[in-house]
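J.: Starting off with a structure, shown below.
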Amino acid sequence: MNYDELLERSRDVAARVLGRGVPADYIPALACADPNDFGMALATVDGEVHGVGEWRKPFSVQSVSKLFVLALALAHGGTSLWRRVGREPSGNPFNSLIQLESEQGVPRNPFINAGALVTTDALLSLTGDAQGAVVDFLRAESGNPDIAVDPAVAASEAGHGHRNAALAHFMASFGNLHNPVDEVLAHYFAHCSVTADCRDLALAGGFLARHGLRADGSRLLSRSDAKRINAVLLTCGTYDAAGDFAYRVGLPGKSGVGGGILAIVPGRGAVCAWSPGLDAVGNSVGAMAALEDFTERSDWSVF
Ligand code: GLN
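This is the structure:
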C-alpha cells in the first residue's frame, strides 16, 4: 500500500470508534467541537506530505504545544533545564497536583501541566516571549503564516485555569518559577490555544524525525537532545496512558485535549492524527485508533 492508501485505511478504522470519544468540555470552545471530525497527515523527512479527511481543518493544539516548548527551551537554554523538571512518567492525570509536594516543586516530566509550566517559564526567561517563540517556530516549520493563538480559547483557558494556577503558585513557592506566576500562566494558556491543522503539526514535528534539524536544514537541537526528547515523548507524552500508547502505537508521541496526537518516527517522518472525541485519560479515541492501525500496517515503527 502507498501512503494515501494507508491513511485512508487508518481513517476507516478510526471511523468505527469515533462515537466512543467525548470532546473536552472544560471550556466551551472545545466542548462544541464535532466528535465526527477526523484528519490525519504525514510528512516524510524527504519532503513528501500526505493527508486524509479533515487534515487541513485547524484545531486547538492544547498539550501538543508542550513538545515545542520543551524543544525551544532546550535549544535556547541547554540541558540545565533538567534540574527543574524530571523525566519520569507520572502515572497520574496531566493536571495532577499530588506529586509536587513530595518532589519539592519539581514536576515529574515536561509533558504534564506542571512540567510544561516550568518549561514555559524557562522559555519566557530565555526569549522574553514564550508564546511568540512557539507560534514563530510552528509557522516557520509548516510554512503556514495563519497559525496563531486563538484569543477566545486563551481567555477561556484563563477563566477556567484554577488548577493550572494552583500548580504554578505551588511550584513558585518552591522557587521553581522565575517569572511572575500570572505571566507564566498567560504564556502557557496562549500556547495551548494555538490553532493549527494536521499538516502543520506533522511538518512542525519534522525536526525530531531529522535528528534535530529544522525544515531549512539549520540545527535546532543536537542529535543527542533530539533523541532524548523522543525518548521522553515515548515514556511520558500521552499522560497516564503512555504505557498503553507505547503498546498500541509504539512511537514517541504527544497528545492534546483538542484531540490531536503528533507522533515521530526518527529518520522517517512525523504523523499527526486528530479527532476531538477523547477517552477517559484525555487522549483522542480516533487518533489513537488511526495511529495504531497505521503503525501496524506500515513500516513506520521504532520497534
Ligand atoms: N490547556 C489544557 C490544560 O492546561 C491542556 C491540557 C491537555 O491538552 N492535556 O489543562
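The sequence shown stops at residue 364 when you use the working numbering, and every number in between is there. No residue lacks a Cβ here, since even glycine has one placed at the ideal position from N, Cα and C.
Touch check for the segment 248 to 255 and the segment 178 to 191: three-plus C-beta pairs under 8 Å?
T.: With the cut-off at 8 Å, the segment 248 to 255 and the segment 178 to 191 touch.
J.: With distances taken from each beta carbon to the nearest heavy atom of ligand 1, which residues come in below 6 Å, in chain order?
T.: Any residue whose Cβ sits closer than 6 Å to a heavy atom of ligand 1 makes the list: 123, 124, 155, 156, 174, 218, 225, 253, 317, 318 and 343.
J.: Identify which residue in 85, 210, 84 and 259 has its Cα closest to the Cα of residue 112.
T.: Minimum Cα distance to residue 112 is reached at 259.
J.: Which of the three DSSP states is assigned to residue 297 in this structure?
T.: Residue state, collapsed to three classes: helix.
J.: Beta-carbon within less than 7 Å of residue 119's beta-carbon, same chain only, minus the 5 sequence neighbours each way: which residues are those?
T.: Contacts found: 256, 257 and 258.
J.: With a cut-off of 8 Å, do at least 3 Cβ pairs link the segment 203 to 213 to the segment 228 to 242?
T.: Output reads no: the segment 228 to 242 does not touch the segment 203 to 213.
J.: Measure from the alpha carbon of residue 295 to the alpha carbon of each residue in 114, 128, 96 and 68, then state which is nearest.
T.: The candidate whose alpha carbon is nearest that of residue 295 is 128.
J.: Quick one: give me the first and last residue of the alpha helix (DSSP H) that residue 71 is part of.
T.: Taken as a continuous stretch (DSSP letters only), the alpha helix (DSSP H) holding residue 71 covers 64 to 76.
J.: Would you call the segment 339 to 354 and the segment 286 to 304 touching, i.e. three or more CB-CB distances under 8 Å?
T.: With the cut-off at 8 Å, the segment 339 to 354 and the segment 286 to 304 touch.
J.: By DSSP's criteria, residue 281 is part of a beta bridge. Which residues make up the other side?
T.: Its beta-bridge partners do not exist; DSSP assigns none.
J.: Measure the alpha-carbon distance for residue 288 versus residue 272 and round it to whole angstroms.
T.: So the two alpha carbons sit approximately 7 Å from each other.
J.: Grouping DSSP H, G and I as helix and E and B as strand, with all else coil, what is residue 332?
T.: Strand at residue 332.
J.: To which residues does DSSP link residue 105 through a beta bridge?
T.: 330.
J.: In whole angstroms, what is the alpha-carbon distance linking residue 282 and residue 262?
T.: The alpha-carbon atoms of residue 282 and residue 262 are separated by roughly 18 Å.
J.: Check the C-beta distance from residue 335 over to residue 348 and give it rounded, since I have them as a contact under 8 Å.
T.: That pair is a contact at about 6 Å.
J.: Is it buried or exposed for residue 252, if we count other Cβ within 10 angstroms and need 16 for buried?
T.: Classification of residue 252: buried, given that the 10 Å Cβ count is 16 or more.
J.: Does the Cβ-Cβ distance between residue 346 and residue 81 come in under 7 Å?
T.: Yes, the pair counts as a contact, with Cβ atoms nearer than the cut-off.
J.: Would you mind sorting residue 353 into buried or exposed? The rule is 16 or more other CB atoms within 10 Å of its CB.
T.: Residue 353 is buried by the Cβ-count criterion.
J.: In this structure, how does DSSP classify residue 325 when only helix, strand and coil are distinguished?
T.: Strand at residue 325.
J.: Check whether the segment 98 to 106 and the segment 137 to 155 touch, using three or more Cβ-Cβ pairs below 8 Å as the test.
T.: As far as the Cβ criterion goes, the segment 98 to 106 does not touch the segment 137 to 155, which means the pair count is below three.
J.: For residue 154, which of 91, 173 and 236 has the nearest alpha-carbon?
T.: That would be 173, whose Cα lies nearest to the Cα of residue 154.
J.: Roughly how many angstroms lie between the CA atoms of residue 134 and residue 180, to the nearest whole one?
T.: Approximately 6 Å, taken between the alpha carbons.
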